[in-house]
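For the sequence shown, position 212 matches number 632 in my numbering, and the numbering has no gaps at all. So the structure is just underneath, and the comments pick up after that.
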Amino acid sequence: MFHPIRPECLTLIQQGLQFDPLYGHDLANHLPMALIALDRCGASPLQLQRFYQDYTSHLQPVRQILPDQETTPALGHRDSFALFHQQFRQQLATQGDATVLREWLPVLLPGLAASAFHGMIRLSYALEAGDHEEIAMALAYWASEYQPLSPLTSTRHYSAETQLTLALDAFRNFKFQPGIIVDRIKEVVAQPTYQAIAEVPDKLTEAEIARLTIRAYLASNDFTLLHGVTGFDALQQLLPYVPDRQLALAYYWQAYVAAFCSAQPLPPFSLAPATRIEPDWPAWFATVTGLSDDHSIKLTYSCSRLYQTFAFDEYLAAIQMRLATHDA
421 MFHPIRPECL TLIQQGLQFD PLYGHDLANH LPMALIALDR CGASPLQLQR FYQDYTSHLQ
481 PVRQILPDQE TTPALGHRDS FALFHQQFRQ QLATQGDATV LREWLPVLLP GLAASAFHGM
541 IRLSYALEAG DHEEIAMALA YWASEYQPLS PLTSTRHYSA ETQLTLALDA FRNFKFQPGI
601 IVDRIKEVVA QPTYQAIAEV PDKLTEAEIA RLTIRAYLAS NDFTLLHGVT GFDALQQLLP
661 YVPDRQLALA YYWQAYVAAF CSAQPLPPFS LAPATRIEPD WPAWFATVTG LSDDHSIKLT
721 YSCSRLYQTF AFDEYLAAIQ MRLATHDA
(Lines of atoms letter the chains of each structure in order from A and count residues from 1; the text may use other names and numbers.)
(Lines give C-alpha, C1' and ligand atoms only; values in the text may rest on other atoms or scores of the structure.)
Protein backbone atom coordinates (compact mmCIF):
# COMPACT_ATOMS: atom_id res chain seq x y z
CA MET A 1 0.00 0.00 0.00
CA PHE A 2 2.75 2.46 0.91
CA HIS A 3 5.65 3.18 -1.41
CA PRO A 4 9.23 2.84 -0.15
CA ILE A 5 11.16 6.02 0.54
CA ARG A 6 13.27 6.68 -2.54
CA PRO A 7 16.74 8.21 -2.90
CA GLU A 8 15.25 11.37 -4.44
CA CYS A 9 13.26 11.99 -1.27
CA LEU A 10 16.24 11.34 1.00
CA THR A 11 18.35 13.75 -1.06
CA LEU A 12 15.78 16.51 -0.59
CA ILE A 13 15.59 15.79 3.15
CA GLN A 14 19.37 16.10 3.40
CA GLN A 15 19.27 19.36 1.45
CA GLY A 16 16.57 20.57 3.81
CA LEU A 17 18.88 20.26 6.81
CA GLN A 18 20.12 23.75 5.94
CA PHE A 19 16.80 25.11 7.23
CA ASP A 20 15.78 25.68 10.84
CA PRO A 21 12.97 23.63 12.45
CA LEU A 22 11.16 26.93 13.12
CA TYR A 23 10.31 29.86 10.90
CA GLY A 24 8.25 33.04 11.11
CA HIS A 25 6.46 33.49 14.42
CA ASP A 26 7.48 30.16 16.00
CA LEU A 27 5.87 28.06 13.26
CA ALA A 28 7.04 24.49 12.63
CA ASN A 29 8.98 23.60 9.50
CA HIS A 30 7.09 20.60 8.06
CA LEU A 31 9.40 20.05 5.09
CA PRO A 32 10.95 16.62 5.87
CA MET A 33 7.70 15.26 7.28
CA ALA A 34 5.65 16.28 4.27
CA LEU A 35 8.27 14.99 1.83
CA ILE A 36 8.25 11.55 3.46
CA ALA A 37 4.45 11.43 3.58
CA LEU A 38 4.26 12.44 -0.09
CA ASP A 39 6.84 9.86 -1.10
CA ARG A 40 5.14 7.09 0.86
CA CYS A 41 1.84 8.00 -0.82
CA GLY A 42 3.42 7.67 -4.26
CA ALA A 43 4.46 11.19 -5.26
CA SER A 44 6.73 11.39 -8.29
CA PRO A 45 10.26 12.83 -8.05
CA LEU A 46 8.98 15.91 -9.91
CA GLN A 47 6.16 16.37 -7.38
CA LEU A 48 8.64 16.08 -4.52
CA GLN A 49 10.96 18.62 -6.14
CA ARG A 50 8.12 21.08 -6.73
CA PHE A 51 6.96 20.77 -3.13
CA TYR A 52 10.52 21.35 -1.91
CA GLN A 53 10.98 24.44 -4.05
CA ASP A 54 7.65 25.97 -3.05
CA TYR A 55 7.97 25.16 0.65
CA THR A 56 11.55 26.28 1.22
CA SER A 57 10.88 29.80 -0.03
CA HIS A 58 9.68 30.87 3.44
CA LEU A 59 12.13 28.92 5.62
CA GLN A 60 15.08 30.29 7.57
CA PRO A 61 18.72 29.11 7.89
CA VAL A 62 19.39 26.64 10.68
CA ARG A 63 20.70 28.20 13.88
CA GLN A 64 24.40 27.84 14.68
CA ILE A 65 26.32 27.83 17.97
CA LEU A 66 27.27 31.34 19.03
CA PRO A 67 30.89 32.09 20.02
CA ASP A 68 30.00 33.08 23.60
CA GLN A 69 27.30 30.44 24.13
CA GLU A 70 27.18 28.18 27.19
CA THR A 71 28.49 24.68 26.55
CA THR A 72 25.71 22.77 28.33
CA PRO A 73 22.27 22.77 26.65
CA ALA A 74 19.11 22.98 28.77
CA LEU A 75 15.74 21.37 28.09
CA GLY A 76 13.09 23.83 27.00
CA HIS A 77 15.58 26.60 26.20
CA ARG A 78 15.30 27.61 22.56
CA ASP A 79 18.79 29.10 22.62
CA SER A 80 20.11 25.59 23.33
CA PHE A 81 18.99 24.21 19.96
CA ALA A 82 22.39 24.43 18.26
CA LEU A 83 24.14 22.88 21.26
CA PHE A 84 21.62 20.04 21.38
CA HIS A 85 22.03 19.57 17.63
CA GLN A 86 25.79 19.19 17.98
CA GLN A 87 25.38 16.85 20.96
CA PHE A 88 22.88 14.54 19.24
CA ARG A 89 24.93 14.38 16.04
CA GLN A 90 27.89 13.19 18.08
CA GLN A 91 25.88 10.69 20.12
CA LEU A 92 24.15 9.20 17.08
CA ALA A 93 27.48 8.82 15.29
CA THR A 94 29.05 6.90 18.18
CA GLN A 95 26.08 5.08 19.78
CA GLY A 96 23.50 4.56 17.02
CA ASP A 97 19.89 5.67 16.91
CA ALA A 98 18.35 2.86 19.01
CA THR A 99 20.66 3.50 21.98
CA VAL A 100 20.20 7.26 21.83
CA LEU A 101 16.43 6.97 21.58
CA ARG A 102 16.16 4.57 24.49
CA GLU A 103 18.20 6.99 26.57
CA TRP A 104 16.45 10.18 25.53
CA LEU A 105 12.81 9.35 24.93
CA PRO A 106 12.07 8.88 28.67
CA VAL A 107 13.64 12.31 29.18
CA LEU A 108 11.72 14.01 26.37
CA LEU A 109 8.27 12.43 26.73
CA PRO A 110 7.17 14.64 29.67
CA GLY A 111 7.61 17.59 27.28
CA LEU A 112 6.04 16.04 24.19
CA ALA A 113 3.68 19.00 23.79
CA ALA A 114 6.76 20.78 22.42
CA SER A 115 5.92 22.94 19.42
CA ALA A 116 2.37 21.52 19.26
CA PHE A 117 3.65 17.91 19.12
CA HIS A 118 5.90 18.72 16.15
CA GLY A 119 9.15 17.74 17.87
CA MET A 120 7.80 14.24 18.41
CA ILE A 121 6.21 14.14 14.96
CA ARG A 122 9.42 15.18 13.22
CA LEU A 123 11.38 12.55 15.12
CA SER A 124 8.99 9.79 14.06
CA TYR A 125 9.40 10.73 10.41
CA ALA A 126 13.17 10.99 10.79
CA LEU A 127 13.24 7.43 12.11
CA GLU A 128 11.14 6.29 9.18
CA ALA A 129 13.67 7.85 6.81
CA GLY A 130 16.57 6.32 8.75
CA ASP A 131 18.67 9.47 8.37
CA HIS A 132 20.91 10.16 11.39
CA GLU A 133 21.31 13.84 10.52
CA GLU A 134 17.55 14.31 10.39
CA ILE A 135 17.14 12.33 13.63
CA ALA A 136 19.66 14.64 15.31
CA MET A 137 17.80 17.69 14.03
CA ALA A 138 14.48 16.34 15.31
CA LEU A 139 15.85 15.46 18.74
CA ALA A 140 17.44 18.90 19.10
CA TYR A 141 14.18 20.54 18.05
CA TRP A 142 12.17 18.57 20.61
CA ALA A 143 14.71 19.09 23.41
CA SER A 144 15.01 22.84 22.89
CA GLU A 145 11.23 23.34 22.58
CA TYR A 146 10.47 20.88 25.43
CA GLN A 147 7.16 21.89 27.04
CA PRO A 148 6.28 20.08 30.29
CA LEU A 149 2.82 20.48 31.73
CA SER A 150 1.63 19.85 35.29
CA PRO A 151 3.06 16.91 37.28
CA LEU A 152 1.64 13.64 35.95
CA THR A 153 -0.93 12.07 38.27
CA SER A 154 -3.64 9.47 37.66
CA THR A 155 -7.21 8.92 38.79
CA ARG A 156 -9.90 6.24 38.86
CA HIS A 157 -12.72 8.76 39.10
CA TYR A 158 -13.34 9.34 35.39
CA SER A 159 -12.70 7.76 32.01
CA ALA A 160 -10.83 9.42 29.15
CA GLU A 161 -14.10 10.21 27.38
CA THR A 162 -15.57 11.74 30.53
CA GLN A 163 -12.41 13.81 30.95
CA LEU A 164 -12.92 15.32 27.49
CA THR A 165 -16.51 16.17 28.41
CA LEU A 166 -15.26 17.90 31.57
CA ALA A 167 -12.67 19.77 29.52
CA LEU A 168 -15.31 20.89 27.06
CA ASP A 169 -17.49 22.25 29.84
CA ALA A 170 -14.55 23.99 31.54
CA PHE A 171 -13.08 25.74 28.48
CA ARG A 172 -15.93 26.16 26.01
CA ASN A 173 -16.23 29.91 26.68
CA PHE A 174 -12.65 30.62 27.74
CA LYS A 175 -11.14 33.74 26.17
CA PHE A 176 -7.53 33.17 25.12
CA GLN A 177 -4.88 35.76 24.47
CA PRO A 178 -3.67 36.02 20.85
CA GLY A 179 -1.17 33.29 20.00
CA ILE A 180 -0.58 29.89 18.46
CA ILE A 181 -1.23 26.40 19.86
CA VAL A 182 1.77 26.34 22.22
CA ASP A 183 0.78 29.70 23.68
CA ARG A 184 -2.77 28.56 24.35
CA ILE A 185 -1.54 25.33 25.96
CA LYS A 186 0.60 27.40 28.34
CA GLU A 187 -2.47 29.45 29.17
CA VAL A 188 -4.57 26.34 29.76
CA VAL A 189 -2.21 24.67 32.23
CA ALA A 190 -2.03 27.85 34.30
CA GLN A 191 -5.80 27.77 34.93
CA PRO A 192 -7.28 26.23 38.12
CA THR A 193 -10.08 24.82 35.96
CA TYR A 194 -7.51 22.76 34.05
CA GLN A 195 -5.76 21.58 37.21
CA ALA A 196 -9.11 20.25 38.44
CA ILE A 197 -9.34 17.91 35.43
CA ALA A 198 -5.64 17.32 34.74
CA GLU A 199 -5.34 13.86 36.27
CA VAL A 200 -4.94 11.12 33.68
CA PRO A 201 -7.33 8.12 33.80
CA ASP A 202 -5.42 5.15 35.13
CA LYS A 203 -6.63 2.60 32.57
CA LEU A 204 -5.80 4.24 29.26
CA THR A 205 -5.43 2.00 26.22
CA GLU A 206 -4.00 2.75 22.80
CA ALA A 207 -7.30 1.82 21.14
CA GLU A 208 -9.24 4.19 23.41
CA ILE A 209 -6.88 7.07 22.67
CA ALA A 210 -7.04 6.31 18.95
CA ARG A 211 -10.84 6.26 19.00
CA LEU A 212 -11.27 9.47 20.99
CA THR A 213 -8.66 11.55 19.17
CA ILE A 214 -9.95 10.75 15.69
CA ARG A 215 -13.61 11.16 16.67
CA ALA A 216 -12.91 14.52 18.30
CA TYR A 217 -11.13 15.74 15.17
CA LEU A 218 -13.77 14.35 12.83
CA ALA A 219 -16.62 15.92 14.80
CA SER A 220 -15.00 19.35 15.08
CA ASN A 221 -12.67 19.67 12.05
CA ASP A 222 -10.45 21.62 14.42
CA PHE A 223 -6.88 22.51 13.44
CA THR A 224 -5.50 21.95 16.94
CA LEU A 225 -7.18 18.54 17.22
CA LEU A 226 -5.72 17.58 13.84
CA HIS A 227 -2.34 17.68 15.58
CA GLY A 228 -3.69 15.29 18.19
CA VAL A 229 -4.19 12.71 15.44
CA THR A 230 -0.82 13.20 13.76
CA GLY A 231 0.82 13.35 17.18
CA PHE A 232 -0.68 10.02 18.21
CA ASP A 233 0.53 8.48 14.95
CA ALA A 234 4.02 9.75 15.79
CA LEU A 235 3.86 8.25 19.27
CA GLN A 236 2.94 4.89 17.76
CA GLN A 237 6.17 4.91 15.76
CA LEU A 238 8.26 5.76 18.84
CA LEU A 239 6.74 3.28 21.31
CA PRO A 240 9.14 0.42 20.38
CA TYR A 241 11.96 2.54 21.85
CA VAL A 242 10.11 3.41 25.08
CA PRO A 243 10.63 1.17 28.16
CA ASP A 244 7.24 2.00 29.71
CA ARG A 245 4.48 2.16 27.09
CA GLN A 246 1.77 2.95 29.63
CA LEU A 247 3.71 5.93 30.95
CA ALA A 248 4.22 7.18 27.40
CA LEU A 249 0.48 6.93 26.74
CA ALA A 250 -0.21 8.85 29.94
CA TYR A 251 2.13 11.68 28.95
CA TYR A 252 0.58 11.81 25.50
CA TRP A 253 -2.95 11.92 26.90
CA GLN A 254 -2.01 14.63 29.38
CA ALA A 255 -0.72 16.77 26.51
CA TYR A 256 -3.69 15.95 24.31
CA VAL A 257 -6.21 17.04 26.95
CA ALA A 258 -4.36 20.35 27.37
CA ALA A 259 -4.39 20.83 23.60
CA PHE A 260 -8.07 19.86 23.51
CA CYS A 261 -8.84 22.55 26.09
CA SER A 262 -6.97 25.09 23.95
CA ALA A 263 -8.93 24.41 20.76
CA GLN A 264 -10.98 27.44 19.79
CA PRO A 265 -13.82 27.53 19.38
CA LEU A 266 -14.81 24.33 21.14
CA PRO A 267 -18.26 23.49 19.78
CA PRO A 268 -20.49 20.85 21.36
CA PHE A 269 -20.02 17.58 19.53
CA SER A 270 -20.90 13.93 19.74
CA LEU A 271 -18.23 11.24 19.82
CA ALA A 272 -20.46 8.99 17.72
CA PRO A 273 -18.87 6.40 15.43
CA ALA A 274 -18.60 6.99 11.69
CA THR A 275 -20.66 5.07 9.18
CA ARG A 276 -19.02 2.26 7.23
CA ILE A 277 -16.64 3.52 4.53
CA GLU A 278 -14.73 1.62 1.88
CA PRO A 279 -11.19 2.97 1.57
CA ASP A 280 -10.12 4.31 -1.82
CA TRP A 281 -6.38 4.53 -1.29
CA PRO A 282 -5.37 4.98 -4.97
CA ALA A 283 -7.71 7.96 -5.43
CA TRP A 284 -6.89 9.52 -2.07
CA PHE A 285 -3.15 9.16 -2.52
CA ALA A 286 -3.38 10.51 -6.08
CA THR A 287 -5.13 13.58 -4.67
CA VAL A 288 -2.77 14.13 -1.77
CA THR A 289 0.41 13.85 -3.85
CA GLY A 290 -0.73 16.86 -5.86
CA LEU A 291 -1.30 19.06 -2.81
CA SER A 292 0.87 21.78 -1.31
CA ASP A 293 -0.97 21.79 2.06
CA ASP A 294 1.45 20.13 4.47
CA HIS A 295 -1.23 19.46 7.09
CA SER A 296 -3.53 17.72 4.62
CA ILE A 297 -0.62 15.63 3.35
CA LYS A 298 0.44 14.54 6.82
CA LEU A 299 -3.09 13.96 8.12
CA THR A 300 -3.89 11.69 5.17
CA TYR A 301 -0.72 9.69 5.71
CA SER A 302 -1.20 9.46 9.49
CA CYS A 303 -4.83 8.38 9.16
CA SER A 304 -3.90 5.75 6.59
CA ARG A 305 -1.23 4.33 8.91
CA LEU A 306 -3.41 4.40 12.00
CA TYR A 307 -6.20 2.70 10.07
CA GLN A 308 -3.88 -0.25 9.42
CA THR A 309 -3.55 -0.70 13.20
CA PHE A 310 -6.98 0.20 14.57
CA ALA A 311 -9.32 -0.17 11.54
CA PHE A 312 -11.58 2.68 12.71
CA ASP A 313 -13.74 4.03 9.88
CA GLU A 314 -13.31 7.48 11.42
CA TYR A 315 -9.80 7.59 9.95
CA LEU A 316 -11.25 7.11 6.48
CA ALA A 317 -13.93 9.72 7.12
CA ALA A 318 -11.27 12.19 8.29
CA ILE A 319 -9.32 11.69 5.06
CA GLN A 320 -12.47 12.30 3.03
CA MET A 321 -13.34 15.39 5.07
CA ARG A 322 -9.89 16.92 4.75
CA LEU A 323 -9.42 16.18 1.05
CA ALA A 324 -12.91 17.53 0.29
CA THR A 325 -11.69 20.98 1.34
CA HIS A 326 -9.35 20.90 -1.66
CA ASP A 327 -12.15 20.02 -4.09
CA ALA A 328 -14.11 23.18 -3.36
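A virtual CB, placed ideally from N, CA and C, is assigned to each residue, including glycine.
1) Along the alpha helix (DSSP H) that carries ARG460, what are the first and last residues, could you check?
2) In this structure, how does DSSP classify ALA610 when only helix, strand and coil are distinguished?
3) In the DSSP assignment, find the alpha helix (DSSP H) that holds GLY444 and state where it starts and stops.
4) From which residue to which residue does the alpha helix (DSSP H) around PHE643 run?
5) Do you know offhand how far SER722's Cα is from ILE634's?
6) Mind checking which residues open and close the alpha helix (DSSP H) that includes SER722?
7) Alpha carbon to alpha carbon, what distance is there between TRP704 and LEU584?
8) For ILE739, count the other beta carbons within 10 Å of its own beta carbon; 16 or more makes it buried, fewer makes it exposed. Which is it?
9) If I measure Cβ to Cβ from ASP653 and keep anything under 7 angstroms in the same chain, skipping five residues before and after, which residues do I get?
10) Measure the Cβ-Cβ separation of GLU554 and PRO452 and say whether it is below 8 angstroms.
11) Is DSSP giving SER574 helix, strand or coil here?
12) For PHE596, count the other beta carbons within 10 Å of its own beta carbon; 16 or more makes it buried, fewer makes it exposed. Which is it?
13) Secondary structure at PRO526, three-state DSSP: helix, strand or coil?
14) Is it buried or exposed, ARG604, if we count other Cβ atoms within 10 angstroms and call 16 or more buried?
15) DSSP state of GLN567, grouped into three classes?
16) If you draw a straight line from the C-alpha of ALA502 to the C-alpha of ARG696, how long is it?
17) Give me the residue from THR514, ILE485, THR519, ALA518 with the minimum Cα distance to PHE504.
18) Less than 8 angstroms separating the beta-carbons of ARG522 and TYR661?
19) Sort out for me which residues DSSP pairs PRO481 with in a bridge.
20) Please name the residue, chosen from PRO663, LEU719, GLY516, that lies closest to PRO526 on a Cα-to-Cα basis.
21) When you compare each of LEU455, ALA618, ALA731, PHE591 to ALA420 by their alpha carbons, which one comes out closest?
22) At which residue ranges does the segment 460-520 contain complete alpha helix (DSSP H) runs of 4 or more residues, listed in the order of the chain?
23) Considering VAL662, what are the terminal residues of the alpha helix (DSSP H) in which it resides?
Let me lay it out:
1) 451-460
2) coil
3) Taken as a continuous stretch (DSSP letters only), GLY444 belongs to no alpha helix (DSSP H), as it is neither H nor E.
4) 643-658
5) 11 angstroms
6) 714-730
7) 31 angstroms
8) buried
9) SER722, ARG725, LEU726
10) yes
11) strand
12) exposed
13) helix
14) buried
15) strand
16) 48 angstroms
17) ILE485
18) yes
19) PHE439
20) PRO663
21) What is shown of the chain runs 421 to 748, which leaves residue 420 out entirely.
22) 465-475, 501-515
23) Looking at the DSSP string, VAL662 is not in any alpha helix (DSSP H), and its letter there is neither H nor E.
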